[in-house]
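Trainee: Residue numbers (this note's numbering), protein chains in the order written: chain H, 37 to 249; chain V, 649 to 863.
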Amino acid sequence: MGIVVLGSYLSPYSLRVLIELEELVVDYELKPVNIKQGEHRTPEFLKMQPFGQVPVLQDDDLTLFESRAITRYLAEKFDGQGTPLLGKSMKEKALVNQWVEVESQNYDRPLIAIVEQVVWKPSWGKTTNEEIVAAEMAKLEKVLDVYEAQLTKHKYLAGDFFSLADLGHLPGTHLLVNIGKKGAVFADRPHLNAWWEDISSRPSFKKTMAKTP
Amino acid sequence: MTLIVHGAPYSTCTQRILATLVELNVEDYKIEFVDLRKGVHKSPDFLKLQPFGQIPVLQDGDITIFESRAIVRYLCEKFAGQGTPLLGKTVKDKALVSQWLEVESQNYNPAASLIVREKVFAPRMGAPSDESVVAAQTPKLEKTLDVYEAHLAKSKFLAGDFFSLADLSHLPYTNLLVNAAGKSDLISSRPHVSAWWNAISQRPAFQKVLAMAKQ
Numbered sequence: 037m038g039i040v041v042l043g044s045y046l047s048p049y050s051l052r053v054l055i056e057l058e059e060l061v062v063d064y065e066l067k068p069v070n071i072k073q074g075e076h077r078t079p080e081f082l083k084m085q086p087f088g089q090v091p092v093l094q095d096d097d098l099t100l101f102e103s104r105a106i107t108r109y110l111a112e113k114f115d116g117q118g119t120p121l122l123g124k125s126m127k128e129k130a131l132v133n134q135w136v137e138v139e140s141q142n143y144d145r146p147l148i149a150i151v152e153q154v155v156w157k158p159s160w161g162k163t164t165n166e167e168i169v170a171a172e173m174a175k176l177e178k179v180l181d182v183y184e185a186q187l188t189k190h191k192y193l194a195g196d197f198f199s200l201a202d203l204g205h206l207p208g209t210h211l212l213v214n215i216g217k218k219g220a221v222f223a224d225r226p227h228l229n230a231w232w233e234d235i236s237s238r239p240s241f242k243k244t245m246a247k248t249p
Numbered sequence: 649m650t651l652i653v654h655g656a657p658y659s660t661c662t663q664r665i666l667a668t669l670v671e672l673n674v675e676d677y678k679i680e681f682v683d684l685r686k687g688v689h690k691s692p693d694f695l696k697l698q699p700f701g702q703i704p705v706l707q708d709g710d711i712t713i714f715e716s717r718a719i720v721r722y723l724c725e726k727f728a729g730q731g732t733p734l735l736g737k738t739v740k741d742k743a744l745v746s747q748w749l750e751v752e753s754q755n756y757n758p759a760a761s762l763i764v765r766e767k768v769f770a771p772r773m774g775a776p777s778d779e780s781v782v783a784a785q786t787p788k789l790e791k792t793l794d795v796y797e798a799h800l801a802k803s804k805f806l807a808g809d810f811f812s813l814a815d816l817s818h819l820p821y822t823n824l825l826v827n828a829a830g831k832s833d834l835i836s837s838r839p840h841v842s843a844w845w846n847a848i849s850q851r852p853a854f855q856k857v858l859a860m861a862k863q
């Protein structure tokens, strides 16, 4: 039995894991979870993931949830094959972990709040709250200024190598920039924009997104 | 080489680092106090260390790391083999520790920290508490704690039958929820969560950190 991912192409957190599996050149089976029909809230699913969230990883007798725990586990398990997503030294790994936390604490919160308003709510037939969008965009732009300064010094977030930290930004940023049409804040920041162009042209990302509906 | 922790012993995220250092039996470190009240964390010198203007920051020789959960992971790996095995003993243990650390980060901390900000930090700074925030966040935290209650009925600690970084990460904010925010009922009304809280908060390492915070 190999790697099984229970997830949804509609979920940026599921996509994070699938993109990583491509980078690591690991075969896997995707078992789709139908979010629209509430499959993630059924008693069977809640036994695996008590918070009712995707994705979930199954690897032999290990069942693991939380996408950043899954991606960290896979990067360590498959260290030595595919892209070295945790760098090559303890120092590089520490910096990768740091920028994974930055994405988790500072970037993802405002980004998902904006995506909820400009992408998901319209898809559910609900109205966008423009006040929330404005407030969250202001928070995100402050974070993007820090990213712009960092990416002026290094090609990628943790240094001059593509890592788990950069990868973690792919699905959410795609939703914000390509679907939510909020790319102006990236275009205004040349190094940030170059970084986005670079990471979103990686084959792992393109191959995964080609499978989404 | 002496580790340097830039932070404040009374600050929750700094306490996460200090508790880890004590659990790992690390003694060769010093605290470089960052005076938040004077806005030192927003000064140009500090922003060179931590561009988001947040504490804590760890310096270990030529390595500078910020974000408390990244710092504690680094310390656990650097000092592997000494003190409490905070990442467990097997690959599976480590994965489950990582999972519950993410649960703390994504499902527990957002609501807990907003409640603490209104009920504890705002009054300390002479600002009014926004009870609507407390009213909105409390049900979210209660839902999470219901999951914890069911889980801790089957498991002594979050990642298994061993104390780990995942349990430790809950200490600073939960301490304030229970002892300063007037929200102890969230914990005491759930017997397994309550037993878990007693076990983890009474650990000597955390008691030592609380004593440091009072100095």
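Positions of the beta carbon are idealized from the N, C-alpha and C atoms, including for glycine.
Looking at Leu-723 of chain V and Ser-817 of chain V, is the spacing between their C-beta atoms short of 7 angstroms?
Mentor: No, the Cβ-Cβ distance between Ser-817 of chain V and Leu-723 of chain V is not below 7 angstroms.
Trainee: How many angstroms separate the CA atom of Asn-823 of chain V from the CA atom of Tyr-658 of chain V?
Mentor: Each residue's alpha carbon lies about 12 angstroms from the other.
Trainee: Which full runs of the alpha helix (DSSP H) of 4+ residues lie inside the region 54–109 of chain H, going along the chain?
Mentor: Counting whole runs of 4 or more residues, the region 54–109 of chain H contains the alpha helix (DSSP H) stretches 79–84.
Trainee: Anything in chain H within Cβ reach of Ile-711 of chain V, meaning under 7 angstroms, just list it in chain order.
Mentor: Within chain H, the residues near Ile-711 of chain V are Lys-127, Ala-130.
Trainee: Tell me whether Pro-158 of chain H is buried or exposed, calling it buried when 16 or more other Cβ atoms sit within 10 Å of its Cβ.
Mentor: Exposed: under 16 other Cβ atoms inside 10 Å.
Trainee: Short of 7 angstroms in beta carbon distance, which residues of its chain neighbour Thr-786 of chain V, apart from the five on each side in sequence? Order them along the chain.
Mentor: The answer, listed in chain order, is Ile-763.
Trainee: Starting from Tyr-109 of chain H, find everything on chain V with Cβ-Cβ shorter than 9 angstroms and list it in chain order.
Mentor: Going along chain V in sequence order, the residues near Tyr-109 of chain H (Cβ under 9 angstroms) are Val-739, Lys-742, Ala-743, Ser-746, Gln-747.
Trainee: Residues of chain V with a CB under 7 angstroms from the CB of Glu-137 of chain H: which are they?
Mentor: Neighbours of Glu-137 of chain H on chain V, chain order: Glu-715, Arg-717, Ala-718.
Trainee: Go ahead and pull the three-state DSSP assignment for Leu-672 of chain V.
Mentor: Coil at Leu-672 of chain V, not helix or strand.
Trainee: Measure the Cβ-Cβ separation of Val-705 of chain V and Phe-714 of chain V and say whether it is below 7 angstroms.
Mentor: Going by C-beta atoms, Val-705 of chain V is nearer than 7 angstroms to Phe-714 of chain V.
Trainee: From Pro-776 of chain V to Ala-759 of chain V, what distance separates their C-alpha atoms?
Mentor: Pro-776 of chain V and Ala-759 of chain V: Cα-Cα distance of roughly 19 angstroms.
Trainee: Which residues does DSSP pair with Lys-802 of chain V in a beta bridge?
Mentor: DSSP output for Lys-802 of chain V lists no bridge partner at all.
Trainee: Output yes if chain V places a C-beta closer than 7 angstroms to the C-beta of Glu-102 of chain H; else output no.
Mentor: True, the Cβ-Cβ gap to chain V drops below 7 angstroms.
Trainee: Give a yes or no on whether 7 angstroms exceeds the smallest Cβ distance from Tyr-677 of chain V to chain H.
Mentor: Tyr-677 of chain V does not count as touching chain H.
Trainee: Check this for me: beta carbons of Gly-123 of chain H and Val-136 of chain H, under 7 angstroms apart or not?
Mentor: Taking 7 angstroms as the Cβ cut-off, Gly-123 of chain H and Val-136 of chain H do not qualify as a contacting pair.
Trainee: My guess is that Val-179 of chain H and Asn-142 of chain H are in contact by the Cβ rule of under 8 angstroms, so how many angstroms apart are they, rounded?
Mentor: Going by Cβ atoms, the distance from Val-179 of chain H to Asn-142 of chain H rounds to 5 angstroms, so yes, they are a contact pair.
Trainee: Might you give, ordered along the chain, the residues of its own chain that have their beta carbon closer than 7 angstroms to the beta carbon of His-76 of chain H, omitting 5 neighbours on each side?
Mentor: Result list for His-76 of chain H: Val-69, Gly-88, Gln-89, Val-90, in chain order.
Trainee: Going by the beta-carbon positions, is the gap between Glu-725 of chain V and Ala-853 of chain V smaller than 7 angstroms?
Mentor: Going by C-beta atoms, Glu-725 of chain V is not nearer than 7 angstroms to Ala-853 of chain V.
Trainee: What residues in the region 69–91 of chain H bring their beta carbon closer than 8 angstroms to a beta carbon of chain V?
Mentor: From the region 69–91 of chain H, only Pro-86, Phe-87 have a Cβ closer than 8 angstroms to chain V.
Trainee: Would the region 729–743 of chain V and the region 660–677 of chain V be scored as touching if the rule is three or more Cβ pairs under 8 angstroms?
Mentor: In short, these stretches touch, since the Cβ pair count reaches three.
Trainee: Distance cutoff 7 angstroms, beta carbons only. Does Pro-699 of chain V sit that close to anything in chain H?
Mentor: Yes, Pro-699 of chain V counts as interfacial toward chain H.
Trainee: Going straight from the alpha carbon of Lys-862 of chain V to that of Ser-140 of chain H, what length do you get?
Mentor: Computed Cα separation, rounded: 31 angstroms.
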